[in-house]
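Numbered per my numbering, the sequence shown finishes at 394, counting up by one with no gaps.
Taking it in order: structure first as structure tokens, then the write-up.
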Amino acid sequence: GGPSVERRRALFFAAVPGQAEAGAIGLIWNPNACGSISTSMIVSNIADLKDLARRRVPRPFFEFVENAAYDGLTKRANRQDLDALRFRQQVMRSVSGRTSKVTMLGEQTAMPVGLAPTGLAGGIHVNGEIAGARAAEAFGVPFCLSTMSIDSIEDVAEAMQRPFWFQLYLMKDRGFTQSLIDRAVAAG
């Protein structure tokens, strides 16, 4: 059985300010994809999310996402750089005149980030690239579709209102590479 739909929603929204009592922790959970909730599914940081993915995602896809190319130098350097970042907290300051909007490649975006190409996202979640594209569009940031995507260029284009970027790997078969370019251009 598991908890009722109402209980599932209450747990899901526990991380949203104003939706639950103070001190509640978030829960990553799709009631349509899971049978029941257990405390092992509570996510409070990225390490917890990775552990959850390790248990739920087919091993080849998890390892594809988790592992780095070659000897992992770039992955380690990125982790060190991210660990070195610190937020300068300021309280009781007016933020009424601040904005995170920027222009990227001639397009206005909500913030200076974009959803990078994630190869095989469709192997992690059904229609993973489409879901990522829709999320990026909803948040007003660019989306870049990977050459190695499971969802087609055309399917992603059909799901979006705005144009998206396409990451192109040059293949030995130049005709195939040209067909990818043609499809991306035709998709907008």
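Just so it is clear, CB atoms sit at the ideal spot from N, CA and C, and this is done for glycine as well.
Distance between residue j and residue i (C-alpha atoms, nearest Å)
i, j, result
"Y276", "R380", "25 Å"
"I248", "P264", "20 Å"
"R368", "V271", "27 Å"
"A259", "T280", "22 Å"
"G325", "I252", "20 Å"
"A337", "D289", "28 Å"
"G312", "R262", "39 Å"
"S385", "G328", "21 Å"
"T309", "M317", "9 Å"
"V332", "F268", "14 Å"
"D254", "G278", "22 Å"
"N273", "D287", "18 Å"
"G394", "T305", "29 Å"
"F345", "D361", "20 Å"
"A201", "M354", "The requested residue 201 is not part of the displayed model; the chain covers only 207 to 394."
"K256", "A341", "20 Å"
"S250", "P266", "25 Å"
"Q295", "R285", "22 Å"
Own chain, CB closer than 6 Å to residue i, minus 5 neighbours either side, in chain order
i, result
"M366", "A339 and E343"
"P323", "C350, S352 and Q373"
"R389", "I359"
"T383", "L376 and M377"
Neighbour-count burial assignment, residue i, 16 or more Cβ in a 10 Å radius
i, result
"I330", "buried"
"I356", "buried"
"E335", "buried"
"L291", "exposed"
"L321", "buried"
"F370", "buried"
"I359", "buried"
"A191", "Limits of the chain in this structure are 207 at one end and 394 at the other, which puts residue 191 out of reach."
N-terminal and C-terminal residue of the alpha helix (DSSP H) that residue i is part of
i, result
"T383", "R380 to A393"
"P266", "R265 to E272"
"A253", "I252 to R262"
"Q286", "L279 to A290"
Extent of the continuous beta strand (DSSP E) run through residue i
i, result
"V308", "V308 to M310"
Cβ neighbours of residue i in the same chain (closer than 8 Å, five flanking residues each side left out)
i, result
"I387", "L374"
Same chain, Cβ closer than 7 Å to residue i, neighbours up to 5 away in sequence not counted
i, result
"Q314", "K307"
"V319", "V347"
- Item | Complete runs of the alpha helix (DSSP H) confined to the segment 313-359 [at least 4 residues] | 327-330 and 334-345
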